[in-house]
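So for the sequence shown, this note's numbering puts the first residue at 784; every next one is plus one.
Even glycine gets a Cβ: it sits at the ideal position worked out from N, Cα and C.
In this text the structure is predicted, and so the values were computed from the model without any measurement.
Reading through the structure tokens given below for one structure.
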Amino acid sequence: MYICGVTPYDFSHIGHARVYVAFDVLHRYLKFLGYEVNYVRNFTDIDDKIIKRANEMGEAPLILSRRFSEEFLHDIAELNCLPPTHEPRVSDHMEQIKDLITKILDNGHAYIIEGDVYFSVDTFLMIIIVYLGKPDDNRAGGGGRVTVDTRKRNPADFALWKSAKPGEPSWESPWGPGRPGWHIECSAMSAHYLSHCFDIHGGGKDLIFPHHENEIAQSRAACPQSNVKYWMHNGFVNRDNQKMSKSDNNFLLSVIFFLMRTHYRSDVNYSDKALDTASDRVFYIYQTLHDCEIALSPFRNESFKGVLPVDVKEQIDKFHTEYLSSMSDDLHTTTVLDDLVDLLKLINGTLKKFKVTFFLSYMELLSSDFGGKKQQVLILSLLALEKEVKEVLLTLGLSSSYNVSEVLQQLKDKALKRAGYTEEEEVLLTLGLSSSYNVSEVLQQLKDKALKRAGYTEEEVGRKIEERNMARKSKRSTRNQTKLGRSFI
């Protein structure tokens, strides 16, 4: 698959995140299904916008675009996106671009004017039909990339090669020094890495026309058999219903969750409140996983035999079937995230049962046989549920290179900062106390109250715990010796 990449003339924004998170999910899901994915995402590192910005900053265009390309790669890594198979730059593919232009000229679909090469829309029926239905602002002079040139045979003709101008980077060509037009770059690079026939081509919906329509025309003009099976386009990120151009937000798991709460083809309205809500939802996911990991940590290295409870297996199977259905139906991540809540609730319910069983077994209020079997069933349930949730998070790009407790702490710190509380103040508020209390003092008071209610001093409780531990050790030791055919008696 080929996804149109950034034009690196500035720092990335949340609109870029919308594009590359959406197609990262597609990339991950195809790999999850077992496909070997050849994923190409380019850098348009030669462009009018880059040249304009470089002149403003007194910097060479290729140096500026290289710098912002590196910034983009850093941001995309923070977004947890998998790297593509290939990340071609336009500046490294001039020969492929010139070869493709030559084929279009040879096939009679382009013409040369004083070192400029233009695609002739009048010679290509498909593109004529496309342009007839488009408004004038999408033709010459529209979109900031299509320049007006009265020498053109048709105002809708677009540049394949632009002759060199003072102060602009240029390359030698059969038509004189110059640089490629916008549309031809992606056609040449996609054909080079994927051939003229491949499966998926994607990008933002603002690229549908003229960029992708022109790509189709020039690719078929060069190679009539050229064909892309599926075209996919994501929606915008809006603020007050306006397309965003810049954002100061950190690229975190909460941003990924926020973007996936809306189907990738739809526009999503950005707000601080929406991002905070997404952060809270991610916190709930990781709090549940953290609690699960704590409960299971003593049993990770043990092998358990048994069968999952029917109700747990049915819920996991039901979720997995619906997950595959939703993702295979044009990546409906919104439905998947809604359904994931049911699994998280099941984990929390199972954790409560596990804690009760563990406590009763420890206090010897359940027979060791019954308590052990009950506990084993609950452990098997938690392991299966945890595996399913983590697998889905991995496919959605919502897993993290950090461990669960580190992610949870980061999310917690962010939530507390947003609320204006410290961690100690949060504990006091949970207990219904004011911030004038000291947490350690409060805990000691609660401990003293519990001891008084039980009728013990702290020293007596300590002795009883020690006696119980000694008795348990003695009991285990006797049982082990008996198995070996010996006895302490």
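A Cβ-Cβ distance of about 22 Å is found for the pair Ser956 and His979, leaving them out of contact under the 8 Å criterion.
Its Cα nearest to that of Trp1014, the residue Glu998 stands out among Asn1021, Asp1074, Glu998.
Bounds of the alpha helix (DSSP H) holding Gly798 are 797-815.
In the DSSP assignment, Asn1021 falls within the unbroken beta strand (DSSP E) covering 1020-1022. DSSP places Asn838 in the uninterrupted alpha helix (DSSP H) bounded by 831-840. Shown here, Cys1075 sits in a helix according to DSSP, grouped into three states. Within the same chain, Gly1018 come within 6 Å of Arg1048 by CB-CB distance, once the 5 residues on both sides are set aside.
Annotated three-state conformation of Lys1012 is strand, per DSSP. In the three-state reduction of the DSSP assignment, Asp982 falls in the strand class. By the Cβ criterion, the segment 936-953 is in contact with the segment 879-897, since at least three pairs of Cβ atoms, one from each stretch, lie closer than 8 Å.
Shown here, Ser1086 sits in coil according to DSSP, grouped into three states, outside any helix or strand. Annotated as distal: Pro952 and Val873, with beta-carbon spacing of 8 Å or more. Per DSSP, Ile991 lies in no beta strand (DSSP E) segment and is marked neither H nor E. For Asn997, the secondary structure class from DSSP, reduced to helix, strand or coil, is helix.
Within the segment 817-903, the runs of beta strand (DSSP E) that reach at least 3 residues and sit entirely inside it are, in chain order, 893-896, 899-902.
DSSP places Trp965 within a helical segment (H, G or I) once states are collapsed to three.
Secondary-structure assignment with DSSP links Ala942 through a beta bridge to Tyr901. By a beta-carbon distance limit of 8 Å, Val823 does not contact Leu990. Their separation comes to about 15 Å. CA-CA distance, Trp954 to Pro993, rounds to 25 Å.
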